[in-house]
Structure formats: structure tokens, C-alpha cells
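Asker: Heads up: the sequence shown runs through residues 307 to 696, numbered per our numbering. Sharing a structure with you now.
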Amino acid sequence: MVGSPKFAGDPVFDVHRGGKMAISSTVALRDADDLSLSYTPGVARVCEAIAEDPAVADDYTWVPNTVAVVTDGSAVLGLGDIGPKASLPVMEGKAVLFKQFGGVDAIPLALDVRDVDAFVDTVARMAPSFGGINLEDIAAPRCFEIEAALQARVDIPVFHDDQHGTAIVTLAALFNALRLTGRREEDTSVVISGAGAAGVAIARILLASGVRRIALVDRKGVIHPGRDDLTPIKAEMAYETSEWGRRGSLADALEGADVFIGVSGGSVPESAIERMADDAIVFALANPTPEVHPDIARRHARVVATGRSDYPNQINNVLAFPGVFRGALDVRASRVTESMKVAAARALSDLVGDALSEAYVIPSPFDERVAPAVAGAVADAARAAGVARR
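This is the structure we're talking about:
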């Protein structure tokens, strides 16, 4: 396939030329007999069986191994609102990661729609073709509304990876950082900078895992019940994270705090990190520019993680979503519960084992144990939660 001369010789564009994925057949079509089995007249028998019992589709179509990767292109990577068509290279990449790391087939779908109800209605109407829905790169607060409304409409898992994938991997790394520094979840104080999709999801999974002392910070400071400028989601989080009682700016919240988690893309001065507790933990996850440079963070923190691959302890969503969907699909789960997410995080954390160190609190995405471990933990948790159908 001939590419644009404008990009000739550029290795990035060479990789993307023609797209990064394709559909292939799983059956041979060598002669008329093969055709009669795979298509008409044989296919009619399978259709009739599914019409009589829809659950038959779980064994005789692609549904139980296929997810839709759906976006509106409103919050793509660090590029922002670039629209649905420009988001496609990212959605294709996500589909490739699903296949490579989880053995899950994924179809990228970029929708030209911004209205929440229209988006939900569009995806819900496509749901019979898929075993799960991975929402991707949708701006907050719309992403919260879409996920909740869509999950209420369909009986398959709906998972917004920018929220929950980030939260799972962050929690997994935090479990090990706490183990390394001799802390317990219930005694640990955590400051989260950023109250968008990732920040809210991280706060929720921390609460589910037993962390109670949480300060969630937006541009105006700590979110707390006394503020009158909060969105419905922020108001809910203000109540849920009110136990610690922190107020003021990000720097105020960090005074004596054990953990800083940055998912804001802002900048944190060294003086604020310096005032954290001894053996502090700093996860500066904004990418490509962390909230505080890792070299600066290491002057004051014992454990430092980023979202980048060129520093130790990369918080990378690919550690979570392929295994989460693999496990959910394997047991035909109707949704992904908070307990399933925590189970995924613990499984990831356990893979580090005795190799735990300041530079190794989370496995590599290329560790072949990752997806099977996460999938197994998610499947077990789905059964325990009563959402598994197999």
C-alpha cells in the first residue's frame, strides 16, 4: 500500500500504514462443502438454535472473545479533543494490545457523537455483537455518565479503561510500595492530584481496598463537603473521602502525607514533596511530563513511579485491561465489580513477590505471567460476586 510522500521514511508512519490490524477467518473455505457448513445452508441451523436459546451464541459466535473499543475522541492520550477519526490509530493500537496480551479480539469504534444519551443508545444497540465494551478516551465528566448509563442498559461488562485500568495498576504498585515501606492500607494517607476520570477511579478503588485517609485535589484545592462549586461526581467523592478532613491547597494536603498520586498533568514543587512523610511514595503519572521529575522525587521519596517506560515502575494500563476482560469473558460476567478490580490489583502485586525493591514494585507488561494471573483473579472474584454466568 502506497503511503503519502509527506511521511515517506518516517518509521512511525511506516508502522501505521494501512492500519495496525485486520480481520481474518478462523475456518477454511476450500470447496463447496466448506462453504455449505460455514455459510448457507448450514449457518441457518446455528441461527435457529440461537433464536431458540440466545445463550447458544456464547459458544457458536465470536461474542465471548470479542470486545468493542469505543471512543468519541474527546480526550485522546495527551492530545485532548482531536475527534473520532484522529483517535482511530489509538483505538487500533488498543485492539492490538488486547490481542497480544490477552488473546481477546477487539474492534475499534470511533463514534461521531457527543450527546451522552445518543452515545449510550448507539453502543447499546451494538451490544449483541460483543462480549464486552471497553470505553476509551472519553472526557470527564461525560465518561462517568456514559459508563453508568450504558452498564444499566446492557448485561455485558462496560469498562472505562482510563478510569479503571489506571486505578488497578496504581493500586497494585501501591500495595507493594506499602509493603516495602512497612505501611498498612488503613493507616496510610494518600493525596491524589486530579479529580477527573483516573483520579476518581483511583480514589474509589483505594476506598474499596481499605485506604480511608484520602485527599482528592482539583485545580481549586482539596475536594471536601464544604465546597459549593462541585460537580455531582466531585460532591459524591467529597463525601466518600471526608474521613481524613484535609483542606486547602495541594501543598497543604501533602504536608506529612505518605503517598502522592498525580494524574493531573500539573506541576508539583519540590518543596511540597519535601514536606511529605519519611519514606514517602510518589506516583507522578502524567505522561509524558510527570507532575514532579523522578530525579527530584527520589531526593525525598523512597518509591517513585511514573507513566513512562524509560523510568522504573511504569504504571501502564496494559498490565490490567487484557487480563480483566479475559477473565470476565471466560466466565461470561455481566459486569466488572469493584471487588474484581481489587482482585486484579492484588494478583498483579503478588507477581513481584520476593523481588520487591524500590525500582520494582510492579511487573513489566512483557511478563508473560501477568494476563493469566489477572484473568484468573478476575474470574474467581466474578464468581464470588455473583456476576459470573459460567
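Even for Gly, the Cβ is constructed at its ideal location relative to N, Cα and C. Small disclaimer: the values here were computed from a predicted structure and weren't measured.
Throw me the rounded Cβ distance for the G389 and K326 pair, which I believe falls under 8 Å.
Answerer: Actually they are not in contact, since the Cβ atoms of G389 and K326 sit about 19 Å apart, beyond 8 Å.
Asker: Go ahead and pull the three-state DSSP assignment for A607.
Answerer: A607: strand per DSSP, three-state reduction.
Asker: Beta-carbon within less than 6 Å of S495's beta-carbon, same chain only, minus the 5 sequence neighbours each way: which residues are those?
Answerer: These residues qualify, in order along the chain: R519, A563, D564.
Asker: Does the stretch 549-568 come into contact with the stretch 439-454, if we say contact requires no fewer than three beta-carbon pairs (one atom in each stretch) closer than 8 Å?
Answerer: Flag = no, the stretch 549-568 and the stretch 439-454 do not touch.
Asker: For V630 versus R696, is the C-beta distance shorter than 7 Å?
Answerer: Not closer than 7 Å, so no.
Asker: With a Cβ-Cβ cutoff of 7 Å, do A737 and I511 count as a contact?
Answerer: For the chain, the structure presents residues 307 to 696; residue 737 sits outside this window and is missing.
Asker: With a threshold of 7 Å on Cβ separation, who are the neighbours of Q457 within its own chain once the five nearest residues in sequence on each side are excluded?
Answerer: Around Q457: V464, R641.
Asker: Assign D337 to one of two classes, buried (16 or more other C-beta atoms within 10 Å of its C-beta) or exposed (fewer than that).
Answerer: Classification of D337: exposed, given that the 10 Å Cβ count is below 16.
Asker: Is G399 helix, strand or coil when you go by DSSP?
Answerer: The answer is helix: DSSP assigns G399 an H, G or I state.
Asker: Report the residue from T346, L383, T332 whose alpha carbon sits nearest the alpha carbon of N371.
Answerer: Closest by alpha carbon: T332.
Asker: Are the CB atoms of L625 and P671 nearer to each other than 7 Å?
Answerer: Closer than 7 Å, so yes.
Asker: For G437, does the count of other Cβ atoms within 10 angstroms reach 16, so buried, or fall short, so exposed?
Answerer: By the 10 Å Cβ count, G437 comes out buried.
Asker: On the DSSP bridge list, what partners appear for D524?
Answerer: G527.
Asker: Pull up the DSSP beta-bridge partners for Y666, would you.
Answerer: Paired residue(s): S663.
Asker: Looking only at its own chain, which residues have a Cβ that is under 7 Å from the Cβ of A603, when we skip the five neighbours before and after it?
Answerer: Closer than 7 Å at Cβ, skipping near neighbours: I579, V588, A590, V610.
Asker: Roughly how many angstroms separate the alpha carbons of V362 and R431, rounded to a whole number?
Answerer: Their Cα atoms are separated by approximately 20 Å.
Asker: Spatial neighbours of W368 within its chain, please: CB distance less than 7 Å, with the 5 preceding and 5 following residues excluded, ordered by chain position.
Answerer: Taken in chain order, the residues that qualify are D411.
Asker: Can you check whether the CB of A683 is closer than 7 Å to the CB of V649?
Answerer: Here residue 649 turns out to be Ala, not Val, going by the sequence shown. Against a cut-off of 7 Å, the Cβ pair of A683 and A649 comes out as a contact.
Asker: Please report the distance separating the alpha-carbon of Q469 from that of R533.
Answerer: Spanning the two alpha carbons is a distance of roughly 24 Å.
Asker: Give the secondary structure of D411 by DSSP, where H, G and I count as helix, E and B as strand, and everything else as coil.
Answerer: Note: D411 maps to strand in three-state DSSP.
Asker: Let me know if L346 comes out buried or exposed under the rule of 16 or more other beta-carbons within 10 Å of its beta-carbon.
Answerer: As written in the sequence, residue 346 is Thr, which differs from the Leu given in the question. Its Cβ having fewer than 16 others within 10 Å, T346 is exposed.
Asker: Pick helix, strand or coil for F465, following the three-state DSSP scheme.
Answerer: The answer is strand: DSSP assigns F465 an E or B state.
Asker: How far does the beta strand (DSSP E) with I439 in it reach, from first residue to last?
Answerer: Unbroken beta strand (DSSP E) run through I439: 438-441.
Asker: CA-CA distance, V497 and L415?
Answerer: Roughly 35 Å between the two C-alpha positions.
Asker: Take I439 as the anchor and find which of R525, K526, A639, P531 has the nearest alpha-carbon.
Answerer: It is A639.
Asker: Which word fits A501, buried or exposed, when buried means at least 16 other C-beta atoms lie within 10 angstroms of its C-beta?
Answerer: That one is buried.
Asker: For S548, which residues from the same chain have a beta carbon less than 6 Å from its beta carbon, with the 5 sequence-adjacent residues on both sides left out?
Answerer: Cβ within range, chain order: P531.
Asker: Tell me whether G568 sits in a helix, a strand or coil according to DSSP, three-state version.
Answerer: The answer is strand: DSSP assigns G568 an E or B state.
Asker: Identify whether T372 lies in helix, strand or coil by the three-state DSSP scheme.
Answerer: The answer is strand: DSSP assigns T372 an E or B state.
Asker: Can you tell me which of R605, D584, R614 puts its alpha carbon nearest to the alpha carbon of A592?
Answerer: Of R605, D584, R614, the residue nearest in Cα terms is R614.
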